[in-house]
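Residue numbers (our numbering): 77 to 262. By construction, the Cβ of each residue, glycine as well, lies at the ideal position given by its N, Cα and C atoms.
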């Protein structure tokens with residue numbers, strides 16, 4: 077797939093299934109991610125892979141976060157939260173490991189990790205797979221970060237769900253962009 081074709085046709089999946097990307101695909105996906113814009117060449121991105129049985133433990137982590145954030149959550153709500161870990165055969169947690177001592181501001185380090193996340197999604201799509209990018213309250217929770225091996229200063233920029241697209245793709249809406257472009261003349 078040509079790069080411009082991937083850029084113009086990529087869309088988030090509605091539903092994903094197996095198989096997960098194999099090692100060859102993952103090598104290409106993460107090599108693509110490493111080409112993201114990165115002011116200062118800090119390479120602040122980290123990719124935490126969650127698959128197989130680890131998805132059950134990740135689901136429990138999400139449910140525990142919901143229980144702490146909303147103590148009155150019903151068992152049904154907690155079960156729905158657990159099931160989020162099974163949206164796809166592979167979850168890639170994309171994090172920015174922020175270096176507060178660097179000359180590069182933390183926001184730019186986080187943006188570099190987000191650019192790497194976008195490259196993961198584009199590379200997945202170009203390889204015939206698809207992805208969904210999710211966040212939610214768990215992405216900002218200190219306990220969730222700690223459980224994933226991250227420090228409080230670090231940022232989870234997204235939970236990327238990767239796999240084969242299940243069912244028919246969502247109809248593509250026309251992407252309005254012209255009203256988002258402005259010419260500035262000083």
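Requested in this report: Can you grab the Cα-Cα spacing for the pair residue 192 / residue 111, in whole Å?
Outcome: Within the chain shown, residue 192 is the residue found at index 116, counting from 1. Within the chain shown, residue 111 is the residue found at index 35, counting from 1. Residue 192 and residue 111 have their C-alpha atoms roughly 7 Å apart.
Query raised in the report: Is it buried or exposed for residue 120, if we count other Cβ within 10 angstroms and need 16 for buried?
Result: Along the chain shown, read from residue 1 onward, the residue named residue 120 stands at position 44. With at least 16 other beta carbons inside 10 angstroms of its own, residue 120 counts as buried.
Query - C-alpha gap between residue 96 and residue 115, whole angstroms - result: Position 20 of the chain shown, counted from the first residue, corresponds to residue 96. Position 39 of the chain shown, counted from the first residue, corresponds to residue 115. Roughly 31 Å separates the two Cα atoms.
**Report entry** Residues that DSSP places opposite residue 168 in a beta bridge
**Finding:** As a first step, residue 168 must be located in the chain shown, where it is residue number 92. 125, 236.
Query raised in the report: CB residue 237 to CB residue 167, shorter than 7 Å?
Result: Taking the first residue of the chain shown as 1, we reach residue 237 at position 161. Taking the first residue of the chain shown as 1, we reach residue 167 at position 91. Taking 7 Å as the Cβ cut-off, residue 237 and residue 167 qualify as a contacting pair.
Query raised in the report: Counting along the chain, where does the beta strand (DSSP E) carrying residue 210 start and finish?
Result: On the chain shown, residue 210 is found 134 positions in, with the first residue counted as 1. The continuous beta strand (DSSP E) containing residue 210 extends over residues 206 to 210.
Requested in this report: Would you tell me roughly how many angstroms separate the C-alpha atoms of residue 194 and residue 242, rounded to the nearest one?
Outcome: As a working mapping, residue 194 is identified with position 118 in the chain shown. As a working mapping, residue 242 is identified with position 166 in the chain shown. Rounded to the nearest angstrom, the two C-alpha atoms are 21 Å apart.
Query raised in the report: Around the C-beta of residue 179, are 16 or more other C-beta atoms found within 10 angstroms, so that it is buried, or is it exposed?
Result: For this step, residue 179 is matched to residue 103 along the chain shown. Exposed: under 16 other Cβ atoms inside 10 Å.
**Report entry** Distance between beta carbons of residue 106 and residue 123, contact taken as under 8 Å
**Finding:** Counted from its first residue, the chain shown places residue 123 at position 47. Counted from its first residue, the chain shown places residue 106 at position 30. Contact holds; Cβ gap of about 6 Å.
Query - Pair within 7 Å by beta-carbon distance, residue 214 and residue 220 - result: The residue you call residue 214 lines up with position 138 of the chain shown. The residue you call residue 220 lines up with position 144 of the chain shown. Contact: yes.
**Report entry** Where residue 108 falls, given that 16 or more other Cβ within 10 Å makes a residue buried
**Finding:** Locating residue 108 in the chain shown gives position 32, counting from the first residue. Its Cβ being crowded by 16 or more others within 10 Å, residue 108 is buried.
Requested in this report: Evaluate contact between the region 142 to 154 and the region 200 to 210, counting only Cβ atoms and requiring at least three cross-stretch pairs below 8 Å.
Outcome: Contact fails: fewer than three Cβ-Cβ distances are below 8 Å.
Query raised in the report: Where in the region 88 to 141 do unbroken runs of the beta strand (DSSP E), each at least 3 residues long, occur, reported from the N-terminal end onward?
Result: Runs found: 121 to 127.
Requested in this report: Would you kindly work out how many angstroms separate the C-alpha atoms of residue 84 and residue 251, rounded to a whole number?
Outcome: Stepping through the chain shown from its first residue, residue 84 is reached at position 8. Stepping through the chain shown from its first residue, residue 251 is reached at position 175. Cα-Cα distance, rounded: 9 Å.
Query raised in the report: What is the rounded straight-line gap between the Cα of residue 196 and the Cα of residue 249?
Result: In the chain shown, residue 196 corresponds to position 120, counting from 1. In the chain shown, residue 249 corresponds to position 173, counting from 1. Residue 196 and residue 249 have their alpha carbons spaced roughly 22 Å apart.
**Report entry** Under the three-state DSSP convention, the category residue 145 falls into
**Finding:** Position 69 of the chain shown, counting from 1, holds the residue named residue 145. It is helical.
Query raised in the report: residue 266: which of 126, 154, 125, 88 sits nearest, CA to CA?
Result: Outside the modelled stretch of the chain, which goes from 77 to 262, sits residue 266, for which no answer is possible.
**Report entry** Helix, strand or coil at residue 188 according to DSSP, with G and I counted as helix
**Finding:** Residue mapping note: residue 188 aligns to position 112 of the chain shown, counting from 1. Helix at residue 188.
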